[in-house]
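Engineer: One structure, as structure tokens, below. Some questions next.
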Amino acid sequence: MPLPYWTPDNVLPPGRHPADLSDLYERFVWDAPHRNEREVLFSALSGYLGVVGGLIPSGRAWIAGEITVRSENVPRDVDVLLIPDDWGSLKRLTGPAREALYGMLTLNGVIAEQPAMYLDRVRPMSGLLDGFLCRPGDEDAWEPTWARGPRHGMFKGFAEVTW
Numbered sequence: 126m127p128l129p130y131w132t133p134d135n136v137l138p139p140g141r142h143p144a145d146l147s148d149l150y151e152r153f154v155w156d157a158p159h160r161n162e163r164e165v166l167f168s169a170l171s172g173y174l175g176v177v178g179g180l181i182p183s184g185r186a187w188i189a190g191e192i193t194v195r196s197e198n199v200p201r202d203v204d205v206l207l208i209p210d211d212w213g214s215l216k217r218l219t220g221p222a223r224e225a226l227y228g229m230l231t232l233n234g235v236i237a238e239q240p241a242m243y244l245d246r247v248r249p250m251s252g253l254l255d256g257f258l259c260r261p262g263d264e265d266a267w268e269p270t271w272a273r274g275p276r277h278g279m280f281k282g283f284a285e286v287t288w
């Protein structure tokens, strides 16, 4: 099912909209300004979801961020909220798979030992993407953030990809 058209405010209509990668490409890359920059963000998102799908057997991803707004400003990022169907499958990850999953998440206030440094924020995909993890059942806590529009008091929709 294709994503709905942009509203007069250049956002998706409020709500959660089911989509697949081709729907995301059509609305967020093809049907928006700054296509070259959006292509880069879409490639990061596509690769990200491919890796996540190999780590988490099934789930949903909510897609938001600057790529989901039709603006004359160059979009800088994509926000992704991962909602696994089975939280226990994450607990069972070990070794490289567990490390890969943590590498797919945005981390704040990170201290690295070798070389020793403090980083305010570590983001996947060279900073093109923010990735967050939601325990199934906690979506209500995240939805207001994903539905917040680019201007104060504005609400917008977001895409939901299922794998």
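In short: position in the sequence shown from 1, add 125, done, that's the working numbering.
The beta-carbon is built from N, C-alpha and C at its ideal position, and this holds for glycine as well.
Owing to the predicted nature of the structure, the values given are computational and were not obtained by experimental measurement.
1. What distance in whole Å lies between the Cβ atoms of V286 and A144, which are believed to be in contact at a cut-off of 8 Å?
2. Mind listing, in chain order, the continuous beta strand (DSSP E) runs of no fewer than 3 residues lying wholly within the segment 163–251?
3. Going straight from the alpha carbon of R195 to that of P261, what length do you get?
4. Please identify the residue among P182, L218, T193 whose C-alpha is closest to the C-alpha of P288.
5. Given a cut-off of 8 Å on the beta-carbon distance, is the pair A284 and L166 in contact?
6. Does the segment 170–179 come into contact with the segment 200–210, if we say contact requires no fewer than three beta-carbon pairs (one atom in each stretch) closer than 8 Å?
7. Taking just the CA atoms, how far does Q239 sit from N198?
8. Say whether the segment 247–256 touches the segment 221–239, bearing in mind that this needs 3 or more beta-carbon pairs closer than 8 Å, one atom from each stretch.
9. So what's D145 in DSSP terms, helix, strand or just coil?
10. Work out the CA separation of A237 and M126 for me, nearest whole Å.
11. Any idea which residues DSSP pairs T287 with across the strands?
12. Where does R152 sit, in a helix, a strand or coil, going by DSSP?
13. Pull up the CB-CB distance for G282 and L149, whole angstroms please, since I reckon it's below 8 Å.
14. For G347, which residues from the same chain have a beta carbon less than 7 Å from its beta carbon, with the 5 sequence-adjacent residues on both sides left out?
15. Could you check what DSSP says for D265 in three-state terms: helix, strand or coil?
Structural biologist: Straight from the coordinates:
1. 6 Å
2. 184–189, 203–209, 232–237, 242–247
3. 30 Å
4. Per the sequence shown, residue 288 should be read as Trp rather than Pro. Ranking the options by Cα distance to W288, first place goes to P182.
5. no
6. yes
7. 37 Å
8. yes
9. In the three-state DSSP reduction, D145 falls in the coil class, being neither helix nor strand.
10. 44 Å
11. R185
12. R152: helix per DSSP, three-state reduction.
13. In fact, because the Cβ distance is near 13 Å, the residues do not count as touching under 8 Å.
14. Limits of the chain in this structure are 126 at one end and 288 at the other, which puts residue 347 out of reach.
15. Taken through DSSP and simplified to helix, strand or coil, D265 comes out as helix.
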